[in-house]
Amino acid sequence: MQYITPDLCDAYPELVQVVEPMFSNFGGRDSFGGEIVTVKCFEDNSLVKEQVDQPGKGKVLVVDGGASMRRALLGDMLAEKAAKNGWEGIVVYGCVRDVDVLAQTNLGIQALASHPMKTDKRGIGDLNVPVTFGGVTFRPGEFIYADNNGVIISPSALKMPE
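The sequence shown begins at 1 in full-length UniProt numbering and counts up by one.
Laid out in structure tokens, this is it:
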């Protein structure tokens, strides 16, 4: 599905919240949306790895990495696994790596920056807790939409206007 965030903002101004502009597009899909699943972690992507192994149709993984610029929370192998398992996209409040491969992966990926260093795997993090960054709170079960214009959230699913 192709989402156009300005059109969604125009059609649902009372529902949507706009995330502060900070993300860049790294994935092969420049538009994506779906139900929010959250991971809160810092320089440890163990829970990200666990989640992309799960079926993700209709879902977007929102990763609160604490805006760390020292480690990448997503790389080519996890992105390819997420795409294979049907995830619509991943938003990383932190860094990604393997950006040339990510751009060829059928997955929406937005992140703050790229960084070549992988994380440690210590099994530390929280799954499906509300996370706050960019001026909004992302709650599991609510909805997120992203394109080259920005990232928005809504308490309920939105349909593109005719």
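Glycine included, C-beta positions come from ideal geometry on N, C-alpha and C.
Note that the structure is a prediction, hence the values are computed from the model and not measured.
Separation of Lys121 and Leu73 (C-alpha to C-alpha, rounded to the nearest whole angstrom) is 10 Å.
Here Ser31 is buried, its C-beta having at least 16 other C-beta atoms within 10 Å. Residue burial is scored here from C-beta neighbours: Ala157 has fewer than 16 other C-beta atoms within 10 angstroms and is therefore classed as exposed. With respect to the 7 Å criterion, Leu102 and Ala79 are classified as neighbours on the basis of their beta carbons. Note on Ile90: 16 or more other CB atoms within 10 angstroms of its CB, so buried under the neighbour-count rule. Within a 10 Å sphere around the beta-carbon of Glu43 sit 16 or more other beta-carbons, which makes this residue buried. Annotated three-state conformation of Ser156 is coil, per DSSP.
DSSP places Ala103 outside both helix and strand once states are collapsed to three, so it counts as coil.
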